[in-house]
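Numbering (our numbering), first residue to last: 203 to 502.
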């Protein structure tokens, strides 16, 4: 990304985005290509996602939250805020192909998630599916789609944060109890198991939770541009639900092999969970709070 920006600034004679926007179309095309590469690697998209699964599995929960819950979403905001105003006209002819690429990436992420057994790896490939939705929203290049993109960025960031926080708490307890293949978590940790279940529902965008609203609007925008891409996104949602169903039934139910002697959620964890859940529920019930901010960004 940086070499592309430096080269274009030298050609345009200035480093501000206004000068780049007024540059010749071929310069804008180079900028669009460089920024697409940045988005494909950092978000990421198929086939540039190889780092995602292992990184998510090996990273502690706070690192995973920063990678998938914050940095990835900031990548989309930067693309929307800085790149589209300059290269929107150049991207318009390629938009249908880019939407199909994004939808295929979402479908691929859901297919791989279906074969995973580790909590954090499933989160990584669920994130790949989420990124496919966001990228499809970007390249619809409409006001409604861009507002939906920003709303869904916030919703997915919160839902994935909740999931990774619950997963991190489970991992800490498994490690303390030296459990390698845990089952019966609901009987061992009922409060934490319930929290994990609710976070799974949030990641899956179950109505009426906040991500559902954003996904429906993205579906509407994508189907208006490409029925095939919309169908791939719809199928990816079904596959992701199947992946989480397998995970939850294997992990949460059944007989616990041992009684680990590890406590369920502490009062500190319960308080943080209730506060986080209250904010998430409020934004789910009154999504206009987030949409008003998205409207200002799109209008600005």
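Backbone N, C-alpha and C fix where the C-beta goes; we use that ideal spot for every residue, glycine too.
*Let me know the secondary structure DSSP gives residue 467 once reduced to three states.*
coil
*Should residue 491 go down as buried or exposed, given a rule of 16 or more other Cβ atoms within 10 Å for buried?*
exposed
*Could you give the residue range of the alpha helix (DSSP H) that holds residue 267?*
Note, residue 267: premise wrong, no alpha helix (DSSP H); not H, not E.
*Taking the runs of the alpha helix (DSSP H) that are 4 residues or longer, which of them lie wholly in the segment 295–348?*
297–315, 321–342
*By how many angstroms is the C-alpha of residue 493 removed from the C-alpha of residue 438?*
25 Å
_Using 8 Å as the threshold, is the C-beta distance between residue 395 and residue 405 below it?_
no
_Taking the beta carbon of residue 294 as the centre, do at least 16 other beta carbons fall within 10 Å, making it buried, or is it exposed?_
exposed
*Could you spell out where the alpha helix (DSSP H) holding residue 403 opens and where it closes?*
392–405
*Option in 323, 354, 409 with minimal Cα separation from residue 373*: 323
_Rounded Cβ spacing between residue 353 and residue 415 (contact assumed at less than 8 Å)_ = 7 Å
*Put residue 292 into one of helix, strand or coil per three-state DSSP.*
helix
*Go ahead and label residue 380 buried or exposed: buried means 16 or more other beta carbons lie within 10 angstroms of its beta carbon, across all protein chains shown.*
Confidence at residue 380 is low in this model, with a pLDDT of 49, below 50, so the placement of that residue is unreliable and no value is reported for it.
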